[in-house]
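The opening position of the sequence shown corresponds to residue 0 in numbering that gives the first Met the number 0, with each subsequent residue numbered one higher. Where is the CB? At the ideal position from N, CA and C, for every residue including glycine. Following: one structure in structure tokens, then a few remarks.
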Amino acid sequence: MHILVTGGAGYIGSHTVKDLVKARHQVTVLDNLSKGWRAAVTKARLIEGEITNQRLLCELLQTVKINAVIHFAASSLVGESMQCPADYYANNVTGSLILLEAMREAGIPYLVFSSTAAVYGEPVEIPISEDHPAIPTNPYGATKLALEEALPWYYQAYGLRYISLRYFNAAGADPDGELGEVHEPETHLIPLVLKTALGQTPEIKIFGRDYPTPDGTCVRDYIHVTDLAQAHILALEALAGGANPSIYNLGNGNGYSVLEVVQATEKVVGKPLPKTFSRRRVGDPAVLVASAEKIKRELHWRPCYSDLHTIIETAWRWHQKNPLGYPKIGIYPGS
Ligand code: UDP
Numbered sequence: 000m001h002i003l004v005t006g007g008a009g010y011i012g013s014h015t016v017k018d019l020v021k022a023r024h025q026v027t028v029l030d031n032l033s034k035g036w037r038a039a040v041t042k043a044r045l046i047e048g049e050i051t052n053q054r055l056l057c058e059l060l061q062t063v064k065i066n067a068v069i070h071f072a073a074s075s076l077v078g079e080s081m082q083c084p085a086d087y088y089a090n091n092v093t094g095s096l097i098l099l100e101a102m103r104e105a106g107i108p109y110l111v112f113s114s115t116a117a118v119y120g121e122p123v124e125i126p127i128s129e130d131h132p133a134i135p136t137n138p139y140g141a142t143k144l145a146l147e148e149a150l151p152w153y154y155q156a157y158g159l160r161y162i163s164l165r166y167f168n169a170a171g172a173d174p175d176g177e178l179g180e181v182h183e184p185e186t187h188l189i190p191l192v193l194k195t196a197l198g199q200t201p202e203i204k205i206f207g208r209d210y211p212t213p214d215g216t217c218v219r220d221y222i223h224v225t226d227l228a229q230a231h232i233l234a235l236e237a238l239a240g241g242a243n244p245s246i247y248n249l250g251n252g253n254g255y256s257v258l259e260v261v262q263a264t265e266k267v268v269g270k271p272l273p274k275t276f277s278r279r280r281v282g283d284p285a286v287l288v289a290s291a292e293k294i295k296r297e298l299h300w301r302p303c304y305s306d307l308h309t310i311i312e313t314a315w316r317w318h319q320k321n322p323l324g325y326p327k328i329g330i331y332p333g334s
């Protein structure tokens, strides 16, 4: 198939593009490079542009025969979404609706949608399954849920078949060492811990030590980015094979506390790391752990890299080899 991957220069997108190409799909990436990296797209055509640019999308979808879209392009930081909800609605809702409209005009029948555990809000039950109530507590989760709520209507009226994948904490790096996690600014736990290991930041700040968890720090479900990438390929193949629209969680089913992540990193890097405790981060639930039984049962998804050691070890290899992130090629974010 020829797949359009929006946001294919970003962290999860670039790993998925690599695996799509490995699986012999043809790929075109559309990315505005606001968060993505030109150097992360080595095996596909990259078009620099906005998903909100209706003309660009319509022209693209009318000139290139695309069979399916994987839609990653989005704003995805909880804290930022609380500060700038308008940007999140514009990008994640309006932008996605423009994309759906262009797909409808071009008659593209399949969509794999990048969703999030943030749609659930404060958990009332752990592990979280797909039928857990979805009551987001921030605009990021709310905007992803808004699109998920539109999709069944598009299916009913226009026959658009979709699979929505709700990620828990994406982590780790390409086991081949070609791709990794680079955000500017970095806010995610594992890359921040590794930056401390590299001496780029003086210490790890652990947000909160008074949560109702065994060691008082937050528990999260870390899932390797290559396992996430594989799930997108399974979802595409399922849609092409006639599967009905569906929503799936993607997680490990195992929770690790912030302190456990730091300790596992200390083992991988072979030295103790300086750390301090600071106040809770606003909006962090104590525990988020997925039940991913549904996608294992229905699409036979099997995570292969998602034990904590492998996640940290692959990420550490990337960070050691690329301490400054991706090489800056041509026009890049911040230029
Ligand atoms: N965290 C932390 N210090 C940091 C960054 C994150 O203690 O410098 C904690 C954060 O409070 C959360 C967990 O690590 O409990 C994972 O946070 P991250 O931002 O990586 O992912 P999120 O869970 O927000 O998607």
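Practice item. Grab me the residues of Pro-271's own chain with a C-beta within less than 7 Å of its C-beta, minus the 5 sequence neighbours each way, in chain order. Key: Glu-265
Exercise for review: Please say whether Thr-15 and Ile-69 have beta carbons closer to each other than 8 Å?
Suggested key: yes
Review point. What runs of the alpha helix (DSSP H), each 4 residues or longer, lie entirely inside the stretch 167-235?
Key: 188-196
Exercise for review: Look up Glu-47 in the DSSP assignment and give the residues it is bridged to.
Suggested key: Asp-30
**Study point:** Uninterrupted alpha helix (DSSP H) stretches inside the stretch 267-321 (no shorter than 4 residues)
**Key:** Segments of the alpha helix (DSSP H) lying fully in the stretch 267-321: 292-298 and 307-320.
Review point. Ordered along the chain, which non-local residues of its own chain (more than five positions away) have a Cβ less than 7 Å from that of Gln-61?
Key: Ala-105
Exercise for review: Using the Cα positions of His-182 and Val-28, report the straight-line distance between them to the nearest angstrom.
Suggested key: Spanning the two alpha carbons is a distance of roughly 19 Å.
Exercise for review: Return yes when at least one heavy atom of ligand 3 lies under 7 Å from the C-beta of Thr-5, else no.
Suggested key: With respect to ligand 3, the structure offers nothing, as its ligand set consists of ligand 1.
Point to revise | Rounded Cβ spacing between Ala-234 and Leu-298 (contact assumed at less than 8 Å) | key: 7 Å
Practice item. Within 10 angstroms of the Cβ of Trp-315, are there 16 or more other Cβ atoms? Answer buried if so, exposed if not. Key: buried
Practice item. Specify, as a first and last residue, the run of the beta strand (DSSP E) that Leu-249 falls within. Key: Segment 245-249, the beta strand (DSSP E) holding Leu-249.
Review point. How long is the line joining the alpha carbons of Met-81 and Ser-75, rounded to whole angstroms?
Key: A straight-line Cα-Cα distance of about 11 Å links Met-81 and Ser-75.
Review point. Are the stretch 219-227 and the stretch 151-158 in contact at 8 Å, needing three or more beta carbon pairs?
Key: no
Practice item. Name the two residues that bound the continuous beta strand (DSSP E) containing Ile-2. Key: 1-5
Review point. Candidates Ser-245, Glu-236, Gly-158 and Ser-277: which alpha carbon is nearest Gly-207's?
Key: Ser-277
**Study point:** Thr-142 CB to nearest heavy atom of ligand 1 below 7 Å
**Key:** no
**Study point:** Beta carbon of Ser-114 nearer than 8 Å to that of Arg-44
**Key:** no
Practice item. Kindly identify the DSSP beta-bridge partner or partners of Phe-112. Key: His-70 and Ser-163
Review point. Got a sec? Which residues, its chain only, sit under 7 Å from Gly-215 by beta carbon, not counting five neighbours each side?
Key: Its chain contains Arg-208 and Asp-209 as the residues whose beta carbon lies nearer than 7 Å to that of Gly-215, once the 5 sequence neighbours on both sides are disregarded; these appear in chain order.
Practice item. Have a look at the DSSP bridge pairing and note the partners of Tyr-255. Key: Arg-219
Review point. Applying the criterion that 16 or more other CB atoms from any shown protein chain within 10 Å of the CB defines a buried residue, is Val-4 buried or exposed?
Key: buried
Review point. Taking one C-beta from the stretch 254-262 and one from the stretch 92-101 each time, how about it: are there three or more such pairs within less than 8 Å?
Key: no
Review point. So does the stretch 160-176 actually touch the stretch 243-252, counting three or more Cβ pairs closer than 8 Å?
Key: As far as the Cβ criterion goes, the stretch 160-176 touches the stretch 243-252, which means the pair count is three or higher.
Review point. Which one of Ile-294, Ala-67 and Val-286 has the shortest CA to CA distance from Glu-129?
Key: Per the Cα distances, Ile-294.
Review point. Does ligand 1 have even one heavy atom less than 7 Å from the beta-carbon of Cys-217?
Key: yes
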